[in-house]
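Right, here's the structure in full:
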């Protein structure tokens, strides 16, 4: 007996996985990821999280690279 709303539980569609909470995914993964911040002034690379809770400042030229806004960080300069 097959229903119209049957889905493959081993291979769920990406649309359904995006709607779920991070702990309810088939494989639990965080929503955050690492980003490379590039200081354009001195062409130096910094590694940081996208959900940064602090202001990220370049150590050499004191340029602000990102600022926290709510749950994510807003970029103020170019990143890769």
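Residue numbers (the working numbering): 971 to 1050. Cβ coordinates follow ideal geometry from the N, Cα and C atoms, glycine included.
Can you give me the Cβ contacts of residue i inside the same chain, cut-off strictly under 7 angstroms, excluding the 5 residues immediately before and after it?
{"i": "residue 1040", "result": "none"}
{"i": "residue 1042", "result": "1020 and 1021"}
Within the continuous alpha helix (DSSP H) that includes residue i, where are the two ends?
{"i": "residue 986", "result": "984 to 989"}
Could you pull the start and end residues of the beta strand (DSSP E) that residue i belongs to?
{"i": "residue 1032", "result": "Neither: residue 1032 is in no beta strand (DSSP E) and is coded neither H nor E."}
{"i": "residue 1042", "result": "1042 to 1045"}
{"i": "residue 1006", "result": "1004 to 1009"}
Measuring CB to CB, does residue i end up less than 8 angstroms from residue j?
{"i": "residue 1012", "j": "residue 1030", "result": "yes"}
{"i": "residue 1015", "j": "residue 1025", "result": "no"}
Rounding to the nearest angstrom, what Cα-Cα distance links residue i and residue j in this structure?
{"i": "residue 993", "j": "residue 978", "result": "19 angstroms"}
{"i": "residue 1044", "j": "residue 975", "result": "40 angstroms"}
{"i": "residue 1019", "j": "residue 1003", "result": "6 angstroms"}
{"i": "residue 986", "j": "residue 1000", "result": "16 angstroms"}
{"i": "residue 997", "j": "residue 1028", "result": "36 angstroms"}
{"i": "residue 1023", "j": "residue 1037", "result": "8 angstroms"}
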